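Top line first, the protein sequences correspond to chains S and P.
Residues 1 to 163 (UniProt numbering) are what the first sequence spells out, left to right.
Residues 1 to 89 (UniProt numbering) are what the second sequence spells out, left to right.
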Amino acid sequence: MAFNLFKKKNNGPLQVVAPVTGEVVLLEDVPDPVFSQKMMGDGVAVMPSGGAVVSPVDGTVEMVADTGHAVGVKSGDGTEFLIHIGLETVSLKGQGFSVKVSQGDKVSAGQPLIEADWAYLKEHAASIVTPIVVTNGEGRTISREADGPCAAGETVILSVSAD
Amino acid sequence: MEKTFKITASEGLHARPATLLVSAVNPLDAEVRLVHNGKPANLKSIMAVMAAGIPSGAEVTITAEGADAEQAIEKVSEVFVSQNLGEEI
């Protein structure tokens, strides 16, 4: 532990806040094997109750899907987070999403990235459950920090530390 | 080594296809890239592949360098065919 503290530039693990307000869901319980089997990476999911999808960390927008259903943010320490809004939502071809940022933008934790029309998504998507995963988790330990309700940009739901 | 494919997956290379391609080549040592419109993306990075935003109908060239480059190209071809992502051209 002491070794880790010396190795890292800042104090302690990276704190990751909820990308959307709702209820924390275990990644294992997301009904899509790409997420539940952690093929894409470790993380957690949120069953949204409303509001915008916000940045989980201070960082840079690495990727925004043309269809608005997925967004990637890289934190200052190089950890990459992918937020996938709902399941099978690529097929909605942008309907129900309004993108607020562009690739390369600097963002702060809690800053809105994408606004989602949850009522529309509930009706048309396989699920609105929204996974957030670390896509470059090799050499990092990812821990879930929350259970139950979470508030976008406020509740710390994950911590990430370098091994 | 390289091989060119036409993307046939109706939604392009979004989250699931990107993950399957990256998972196939990640265990290998070779440097593998996906080149679209002259722009290379690291095929060992899900974020890079998704950021490339490859649409259906696009032509992509997979390049591999290293001792197991041939194996990398084979793995990628396997995923393209078995997942109906694209066809060799």
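Each residue gets a CB set at the ideal place from its N, CA and C atoms; glycine is no exception.
Please read all numbers here as calculations on a predicted model, not as lab measurements.
One Cα belongs to residue 44(S), the other to residue 144(S), and the distance between them is close to 7 Å. Within chain P, not a single residue places a beta-carbon under 8 Å from that of residue 125(S); the smallest gap is close to 14 Å. Nearest to residue 50(P) by alpha-carbon distance, out of 161(S), 62(S), 57(S) and 58(S), is 62(S).
Bounds of any beta strand (DSSP E) do not take in residue 81(P); it lies within the alpha helix (DSSP H) bounded by 69-82. The beta carbon of residue 94(S) is closer than 6 Å to those of 67 and 68 in its chain, skipping five residues each way along the sequence.
Between residue 34(S) and chain P, the shortest Cβ-Cβ separation is below 9 Å. If you look at residue 138(S), you'll find it isn't in any beta strand (DSSP E); DSSP assigns it neither H nor E. In this structure residue 133(S) does not touch residue 140(S) by the C-beta definition: roughly 12 Å separates them, more than the 8 Å allowed.
At a cut-off of 9 Å between C-beta atoms, residue 33(P) does not count as an interface residue with respect to chain S. Taken in chain order, the whole alpha helix (DSSP H) runs of length 4 or more contained in the segment 76-151 of chain S are 118-124. For residue 8(P), none of the residues of chain S pass the 8 Å Cβ criterion, the least Cβ distance being about 15 Å.
Around the beta carbon of residue 108(S), fewer than 16 other beta carbons lie within 10 angstroms, which makes this residue exposed. Interface residue (Cβ-Cβ distance to chain P less than 9 Å): residue 90(S) is classified as such. Residues 21 and 22 of the same chain have their beta carbon placed closer than 6 Å to that of residue 49(S), with the five preceding and five following residues left out of the count. Beta-bridge annotation (DSSP): residue 161(S) is paired with 141(S).
Residue 121(S) places its beta carbon 9 Å or farther from that of residue 72(S).
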